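Worksheet: the structure to be examined is printed underneath.
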Amino acid sequence: MADVTLRKVIKRYDDVEAVRGIDLDIADHEFIVLVGPSGCGKSTTLRMIAGLEDISDGDIMIGGDVVNDVPPKDRDIAMVFQNYALYPHMTVAENMSFGLRLKHYPKAEINARVTEAARLLDITDLINRKPKQLSGGQRQRVAMGRAIVRNPKVFLFDEPLSNLDAKLRVQMRIEIKKVHQKVRTTTVYVTHDQVEAMTLADRVVVMNKGRIEQIGTPNELYHKPATRFVAGFIGSPAMNFIPCRLEDSGGKLQIRLADRIAFALPPARAVRYNALPRTENLLLGLRPEHLTESNAHLEPGVESFDTVLDVTEPMGMETLVYFGLEGTPVCGRVNPNAGAKDGAPMRLAMDLNNMHLLNEATGVVL
Amino acid sequence: MVLRPTVRMHLRSRPIWPTAHSTSHMKAHVMADIVVEQGRAVRTASKRKRTSLRNAMGRKSTVAFFLTLPLILLIALLVLYPAVYSVHLATLNKSMQRFVGFGNFTFLFNRDTFWMVVKQSCIFAVTAVFFKALMGFIVAHFVHNIPAKGQRKWRGMLLVPWVIPPAMSTLAWLWLFDPSYSAFNYTLSFFGIGPINWLGDTSWARFSVILVNVWYGAPFFMIMYLAALKSVPDQLYEAAAIDGANWWQKIWFITLPMMRNIIAITTLFSLIVTFANFDIVRILTSGGPLDRTHLFATWAFKVGIEGSDIPLGASVSLFMVPILAIAAIFILRDVNKRGNEA
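If you're matching them up, the sequences are chains A and B in order. Residues in the first sequence are numbered from 235 upward in steps of one, following our numbering. Residues in the second sequence are numbered from 531 upward in steps of one, following our numbering.
Shown next as structure tokens:
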């Protein structure tokens, strides 16, 4: 087990920079998830840590040692691939013990480790089967078992759940978390699924276009996104971005969303945003759960307004409502009993205590 | 779908004319096959009552049989008939007048030359196939590692020996092997070696025919192994690299097991073809010197055609069958076993 450090790591393919200078400190025992849209460089970063890709510039350290030119086999890492990459001609036990056999571990030791890992992953019955005879979830477990028996310094997961169906994915997600709680190996996990990232990670690294947008705990990213990209990427349904402006009205700071809609900002927010220029084009960032049905007792900072719903999506525990605000599509979450109907007028409430204000041009959260 | 009612009407309107029935029914059947996945309507159509003839004509296996009939006839004419005929020939005496049973075989078993041919054929086939496979495997790795852009060109060039008719290319080799003024001996003379009597010395003659056969057959292995290499997922190598395998262990534990089936099948086919080789030996040495390069095919030609003992020649060539059959059983059994895995 070890910490992993990336210093200004760059990956260039001919003229294209896939990874543009990554700085990342991963502590011992930590579960780090790299998340981002396809092509953001997250897989490349993982493969550089594994040693499957050369790094064009910068340093990668595992356990304090620079491993830039160390081949994968000498880095003491284990990797779980998206399509599992099990050896089809070997049984489950042979697959899991392959690395140990190559290193000439004593047979008793190999058996003990394989048995232990199989027990941990609940695949003891499958130990003599070939990968072809296993289901997707079982293959996934074997791939993890192959990583565990090696007892490496670092686990690397490359989108390990994306080949599974939705139900199994949730199940294996929990499984992975359980395994990590038991073995406590430093883990770097790549996914494009923000739910996976949020549920698994100690800290999430959001990447976009080869750069790190933000590093933080799942809650930090959700409640205090640094950029429009992070704000829009984390959370489902995504955060609403409504064009707006700041105005002074009777000594109070207010936010104007449309000709007819303007709300006074809550005091704490007014202090925070007071220094901003009034002419700038801004975006109001508001998560759907902060756009709910209005009721008689509105908390301070919660403002109500009337709108006409375009579409409603009953989800059971909540109903998603979609409507337009000056041409901007907006999504809200209301109580299923609030009487939201397609095409019907509805009075909604906006919780400005949880608002975000973004600079439209730079995408920075203010 | 739209046509079906018309077909049905057609069937009903002329119930006494069986040929029209079967043909029109076949049409309906083909249609039914095409739309079979689309809906229930088809199933109701196939429930219609049929005569047994119509039934037989409509069955898929019957249609399949008629479609493959031309090929079956061709094989029967060109393979089965000659094979049976050669068995018949092998039981006759030299003048083909009298039935001698196994006489030709007992005669062969008592001749040293026959056993020499058996031994030579085995040495020739096994050595040539082994080196063809080895060369093909090595070259396939080289080609596989050429960047995709230039690979086509190399693949094409490396296939040349295999696409030239062997009779022609072997003529070129014949000149290269010429003892007094060939390119080989000329080049070797600069190093103070030779001249080597490539085709006149028994050991060198055996070496030469094998060399030419390897040269001719290796590209086939190369292209087959290249295809097999390309079908091994890169991630297996990456997983192996992370598991700690070096390049040799990757070949031994990943490449070879993954290619096992294709290796078995190419080896089997090449073994059969090489065992029955005729043209290369015929052109280079005609079996000489002292019959030391004769194979079954060339020797069968010698005793059968040149020696005017057709039954004996047929017996010689028939002797290849049991040897190859045993090899085929062993190799294909392994393929079947392995086939369940990947």
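Backbone N, C-alpha and C fix where the C-beta goes; we use that ideal spot for every residue, glycine too. As the structure is a computational prediction, the values presented were derived from the model and not from experiment.
Can you pull the chain B residues whose beta carbon is under 9 Å from the beta carbon of ALA284 of chain A, in chain order?
Ordered by position in chain B, the residues that pass the 9 Å Cβ test against ALA284 of chain A are GLU768, ALA771 and ILE772.
Counting only the same chain and skipping the five closest in sequence on each side, list residues whose C-beta sits under 7 Å from that of GLY724 of chain B.
ASN715 and LEU718
Is PRO394 of chain A closer than 8 Å to VAL314 of chain A when the C-beta atoms are compared?
In contact: VAL314 of chain A and PRO394 of chain A (Cβ atoms closer than 8 Å).
State the Cα-Cα distance for the pair GLU567 of chain B and ARG589 of chain B, rounded to the nearest angstrom.
In this prediction, GLU567 of chain B has a pLDDT of 41, which is less than 50 and means its spatial position is unreliable; what the coordinates show is noted afterwards. In a straight line, the C-alpha of GLU567 of chain B is about 17 Å away from that of ARG589 of chain B.
Can you tell me the Cα-Cα spacing of SER845 of chain B and LEU619 of chain B, whole angstroms?
8 Å
Could you compute how far the alpha carbon of LEU406 of chain A sits from the alpha carbon of ILE382 of chain A?
According to the sequence provided, residue 406 of chain A is Met. The question's Leu does not apply to it. Answer to the nearest angstrom: the Cα atoms are 15 Å apart.
If the cut is a Cβ gap below 9 Å, which residues of chain A does MET788 of chain B touch?
TYR321, PRO322 and HIS323
Report yes if the CB atom of LYS387 of chain A is closer than 8 Å to the CB atom of ASP310 of chain A, and no otherwise.
Yes, these two residues count as a Cβ contact at 8 Å.
What's the call for ASN776 of chain B, buried or exposed, on a 16-neighbour Cβ count within 10 Å?
ASN776 of chain B is exposed by the Cβ-count criterion.
Inter-residue Cα distance where the pair is PHE737 of chain B and SER816 of chain B
Taking the straight line joining both Cα atoms gives about 15 Å.
Straight-line Cα distance separating PRO570 of chain A from LEU600 of chain A:
33 Å
Distance, ARG437 of chain A Cα to GLU454 of chain A Cα
If you take the alpha carbons of GLU454 of chain A and ARG437 of chain A, they lie about 9 Å apart.
Contact set between the region 783-812 of chain B and chain A, restricted to residues whose Cβ is under 9 Å from the partner:
PHE783, ILE784, PRO787, MET788 and ARG790
Kindly list, in the order they appear in chain A, the residues whose Cβ is closer than 7 Å to that of GLN779 of chain B.
Simply LEU336.
Just the chain B side, please: which residues come within less than 7 Å of GLY333 of chain A by C-beta, in chain order?
Going along chain B in sequence order, the residues near GLY333 of chain A (Cβ under 7 Å) are ASP773 and GLY774.
Inspect the CB distances between the region 746-759 of chain B and the region 268-286 of chain A and report whether three or more fall short of 8 Å.
no
Does the beta carbon of GLN681 of chain B sit closer than 8 Å to a beta carbon anywhere in chain A?
At a cut-off of 8 Å between C-beta atoms, GLN681 of chain B does not count as an interface residue with respect to chain A.
Name the one or two DSSP bridge partners that GLY558 of chain A has.
A:PRO563
Look at the alpha carbon of GLY597 of chain A and the alpha carbon of LEU480 of chain A, and state the distance between them as a whole number of angstroms.
17 Å
Rounding to the nearest angstrom, what Cα-Cα distance links MET584 of chain A and LEU543 of chain A in this structure?
Our two residues, MET584 of chain A and LEU543 of chain A, have alpha carbons roughly 15 Å apart in a direct line.
I'd like to know whether the C-beta of PRO763 of chain B is nearer than 8 Å to at least one C-beta of chain A.
yes
Secondary structure of ASP356 of chain A, DSSP reduced to three states
coil
Inter-residue Cα distance where the pair is GLU447 of chain A and LYS307 of chain A:
31 Å
Which partner residues of ILE244 of chain A appear in the DSSP bridge assignment?
A:ARG254 and A:ASP291
So PRO306 of chain A contacts chain B; which residues on that side make the cut at Cβ distance below 8 Å?
GLU768, ALA771 and ILE772
Ignoring anything shorter than 3 residues, give me the beta strand (DSSP E) runs that lie fully in the region 438-508 of chain A, in order along the chain.
Runs of beta strand (DSSP E) with 3 or more residues, each lying fully within the region 438-508 of chain A, are found at 445-450, 474-483, 486-490 and 496-498, listed in chain order.
Endpoints, the alpha helix (DSSP H) within which ASN878 of chain B is located:
This structure does not reach residue 878 of chain B, given that chain B is present from 531 up to 872, and the question cannot be answered.
C-beta atoms of ALA735 of chain B and ARG628 of chain B nearer than 8 Å
The criterion of a C-beta distance shorter than 8 Å is not satisfied by ALA735 of chain B and ARG628 of chain B.
Per DSSP, what kind of secondary structure is PRO579 of chain A in: helix, strand or coil?
Assignment of PRO579 of chain A by DSSP, reduced to helix, strand and coil, places it in the strand class.
Output yes or no for whether 8 Å exceeds the beta carbon distance between PHE831 of chain B and PHE808 of chain B.
yes
Write down the C-beta distance between THR656 of chain A and PHE389 of chain A rounded to the nearest angstrom, noting that I regard them as a contact closer than 8 Å.
Coverage of chain A is limited to positions 235 through 600, which leaves residue 656 of chain A absent and any answer about it impossible.
Assuming contact is defined by CB atoms lying nearer than 8 Å, are TYR321 of chain A and ILE793 of chain B in contact in what I supplied?
no
Can you say whether LEU798 of chain B is buried or exposed, counting buried as having 16 or more other CB atoms within 10 angstroms of its CB?
buried
Could you tell me whether the Cβ atoms of ILE772 of chain B and ALA351 of chain A are closer together than 8 Å?
no
Taking Cβ-Cβ distances shorter than 7 Å, what residues in chain B pair up with ALA312 of chain A?
ILE772
Which two residues bound the contiguous beta strand (DSSP E) that contains PRO305 of chain A?
Neither: PRO305 of chain A is in no beta strand (DSSP E) and is coded neither H nor E.
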